[in-house]
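**Q** Before I ask anything, here is the structure I am working with.
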Amino acid sequence: MEKNAKVYVAGHTGLVGSAIVRILQSQGYTNIIFRTFVELDLTNQQATADFFMAEKPEYVFLAAAKVGGILANSIYPAEFIYQNLQIQNNIIHSAYLNGTKKLLFLGSSCIYPKNCPQPIKEEYLLTDILESTNEPYAIAKIAGIKMCQSYNRQYETNFIAVMPTNLYGIKDNFDLKNSHVLPAMIRKFHEAKVKGENEVVLWGTGAPLREFLCVDDMAEGCIFLMNHFNPTKEQNEKGEIFMNLGTGEDLTIKNLAEKVQQAVGFEGKIVWDDSKPDGTARKLLNVDRIRQLGWKHKIDLDEGIRVAYRWFTDNYKR
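Letter by letter, the sequence shown follows residues 1 to 318 in UniProt numbering.
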């Protein structure tokens, strides 16, 4: 990407999109465009088409999505599949119609089957059934990957995708009804500390293994792929238009809780409510492909949690 190229970041107010904007600006990109939800409803086909026709972005980061954890996915399954399909359909098609040079679609590690061999390789996509707790969201993201692949095959576009592992960091969502595990823990431990409580109750057993990537590392990885990953015709035919994005390292939810507890400074005890679901037992991404291209994460998990907690205490309002 040229430093003055017109770059559109869809979803720039969220965790992922804001990090991409932040890192693009730090790397000297000067012509970044975006719209708030009030200015542009990406689920509206005509509004999205009009925006692309007027702006003609050269590069697109498709980070706009409806996201959430186990609870949100179980409460709002229709919204998760409908809104995500609408957003990605409208943007990908408009990017093709208006000659976008390259598009990067942000997926999720939940696209992979529930009982994948570990670490999860890209070729495991569609080899078995999905985890039921987030199936509607996962199906929408799989459709996005296949849409990018299909447009590349039929129209010779250069649309790629990344599948990040669990993300966290600046501008995370700390709403306990809609957040993912790490920001939910930060809020729970913080509120317990402020109120002087002696225990924090967390969902599940603490046994599942998870991988976590700081969103600033994720953003750098996405920009790296925009600049260095152009699938060949053979790769496209095989469906190799996407790459995993992670650390290649995991830890138990129990160990994660202990790290967050330490960062927050909560001195009480942790109680595990095993009547609540754990989700998948393990979800670790194989990151060999992106490492072979020359990218590796930089931010240590302990450091990243401290940064996320500082942002929470400085910025979060209920």
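Each residue gets a CB set at the ideal place from its N, CA and C atoms; glycine is no exception.
#1: Per the contact definition of three or more C-beta pairs closer than 8 Å, is the region 206 to 213 in contact with the region 249 to 258?
#2: Could you pull out every residue in the same chain whose Cβ sits closer than 7 Å to the Cβ of K121, ignoring the five residues on either side in sequence?
#3: Whole angstroms is fine: what's the gap from S150's alpha carbon to L103's?
#4: Cα-Cα, which of I32, I70 and P119 is closest to A184?
#5: Could you check if M218 is buried or exposed, using at least 16 other CB atoms within 10 Å of its CB as the buried criterion?
#6: Just list the beta strand (DSSP E) runs in the region 19 to 73, keeping only unbroken ones of 3 residues or longer that don't cross its boundaries, in chain order.
#7: Pick helix, strand or coil for L15, following the three-state DSSP scheme.
#8: Run through DSSP, which three-state label would D216 get?
#9: Between I111, V21, T30 and I91, which lies nearest to M53 when the distance is taken from Cα to Cα?
#10: Mind checking V194: buried by the 16 CB within 10 Å criterion, or exposed?
#11: Do M163 and S109 have their CB atoms nearer than 8 Å?
#12: Please report the straight-line C-alpha distance between L245 and F266, rounded to a whole angstrom.
#13: Just tell me which of L42, Q27 and I23 has its CA closest to the CA of A10.
#14: Alpha carbon to alpha carbon, what distance is there between T13 and T133?
#15: Go through its chain and collect everything with a Cβ distance to H190's Cβ below 6 Å, but skip five positions before and after it.
#16: Output needed for N115: all residues of its chain with C-beta closer than 7 Å, excluding positions within five of it in sequence on either side, in chain order.
#17: Quick check: Y96 and Y155, are their CB atoms within less than 8 Å of each other?
#18: Less than 8 Å between the beta carbons of D175 and L15, yes or no?
#19: Taking the alpha-carbon of A308 as reference, which of V260, M147, W295 and R289 has the nearest alpha-carbon?
#20: Between the Cα of Y137 and those of I111, P117, T157 and E123, spot the shortest distance and give me the residue it belongs to.
**A** In brief:
#1: These segments touch.
#2: N286
#3: 13 Å
#4: Out of I32, I70 and P119, I70 has the C-alpha closest to the C-alpha of A184.
#5: By the 16-neighbour rule on beta-carbons within 10 angstroms, M218 is buried.
#6: 59 to 62
#7: helix
#8: helix
#9: I91
#10: exposed
#11: Their beta carbons are under 8 Å apart, which means M163 touches S109 by this criterion.
#12: 31 Å
#13: Closest in C-alpha terms to A10, from the list L42, Q27 and I23, comes L42.
#14: 26 Å
#15: V264
#16: D128
#17: yes
#18: no
#19: Checked all of V260, M147, W295 and R289; the closest Cα to A308 is V260.
#20: I111
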